[in-house]
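Heads up, the thing below is written out as structure tokens.
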Amino acid sequence: MDAVDQAILRRLQRDGRQTNRELAEAVGVAPSTALERTRALRARGVITGFHAAVDPEALGRGVQALISIRIRPQSREAIESTRDTMAALPETLGVFVVTGNEDILVHVAVPSTQYLRDFVLDRLARRKEFVDVRTTVVFDYVQPVEQSELPVAERRERRTPYV
93 MDAVDQAILR RLQRDGRQTN RELAEAVGVA PSTALERTRA LRARGVITGF
143 HAAVDPEALG RGVQALISIR IRPQSREAIE STRDTMAALP ETLGVFVVTG
193 NEDILVHVAV PSTQYLRDFV LDRLARRKEF VDVRTTVVFD YVQPVEQSEL
243 PVAERRERRT PYV
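Just so you know, we're using the numbering used here here: the sequence shown kicks off at 93 and counts up by one.
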């Protein structure tokens, strides 16, 4: 990815509804170049789609939490089944399969702490394969608007301290 691709990505992440002409003007390239570059970014899988960003609080889901789940027996099938089940729940914003003490981390948005309590106790803690369920309420959640390639770290020669 060169500077033009990165500029196109930044602009589209800020506003995916802008016209190709507006994008080209903002990036400083011809409209045909902007269109070709955008198509190439999609073809390479860098741009995976366009969607509407939604504010959970505006939908009456002002309480967010991270729920960590430990599963037993620990198997690929059990973890993938849990991942898919959690992802299908309307409360879920995201699901992560992780390492460490927990196997799954679920990001949820719900209307209230009472709803969260009932959700955890009635729908999660009762599952026999969940041996541990822990909930952390989120005070603030900020999702970065822009994603891009990380800068290449400078390579430094390592010198051994021994002579």
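Every residue gets a Cβ at the ideal spot worked out from N, C-alpha and C, and that includes glycine.
Rounded straight-line distance, which links the Cα of residue j to that of residue i
{"i": "Ile196", "j": "Ser124", "result": "44 Å"}
{"i": "Asp232", "j": "Pro203", "result": "15 Å"}
{"i": "Ala179", "j": "Val138", "result": "23 Å"}
{"i": "Gln206", "j": "Ala150", "result": "19 Å"}
{"i": "Arg136", "j": "Asn112", "result": "19 Å"}
{"i": "Leu181", "j": "Pro148", "result": "14 Å"}
{"i": "Arg129", "j": "Arg153", "result": "38 Å"}
{"i": "Phe142", "j": "Gly192", "result": "33 Å"}
Sequence-distant residues of its chain with Cβ nearer than 8 Å to residue i (five each side left out)
{"i": "Arg103", "result": "Gln110, Leu115, Ala118, Val119"}
{"i": "Arg175", "result": "Val187, Val189, Ile196"}
{"i": "Ile163", "result": "Ala170, Ile171, Thr174, Asp195, Ile196, Glu221, Phe222, Val223"}
{"i": "Gln98", "result": "Ser240, Glu241"}
Sequence-distant residues of the same chain with beta carbon closer than 6 Å to residue i, five excluded per side
{"i": "Ser160", "result": "Glu194, Leu197, Arg226"}
{"i": "Gln156", "result": "Ala201, Val230, Tyr233"}
Inter-residue CB distance, residue i and residue j (contact presumed, cutoff 8 Å)
{"i": "Val190", "j": "Ile171", "result": "That belief does not hold up - the Cβ atoms of Val190 and Ile171 are roughly 10 Å apart, past 8 Å."}
{"i": "Leu208", "j": "His199", "result": "That pair is no contact at about 12 Å."}
{"i": "Leu216", "j": "Phe222", "result": "6 Å"}
{"i": "Leu133", "j": "Ser240", "result": "Not confirmed; about 12 Å, so no contact."}
{"i": "Val96", "j": "Val121", "result": "6 Å"}
Alpha helix (DSSP H) segment containing residue i, residue limits
{"i": "Ala99", "result": "95-106"}
Residue span of the beta strand (DSSP E) that contains residue i, given as start and end
{"i": "Ala122", "result": "It is not in any beta strand (DSSP E) - Ala122 carries neither H nor E in the DSSP assignment."}
{"i": "Val237", "result": "Here Val237 belongs to no beta strand (DSSP E), and DSSP marks it neither H nor E."}
{"i": "Val258", "result": "The chain is shown from 93 up to 255; residue 258 falls before or after that span and cannot be answered."}
Residues near residue i by beta carbon distance below 7 Å, same chain, minus five either side
{"i": "Gln235", "result": "none"}
{"i": "Val237", "result": "Gln105, Arg106"}
{"i": "Thr228", "result": "Ala157, Leu158"}
Going along the chain, which unbroken runs of the beta strand (DSSP E) with 3 or more residues stay wholly within the region 136-185?
If we require 3 residues or more, the beta strand (DSSP E) runs fully inside the region 136-185 come out as 155-163.
Could you name each continuous beta strand (DSSP E) segment of 3 residues or more that falls completely within the region 206-230, going from the start of the chain to the end?
222-230
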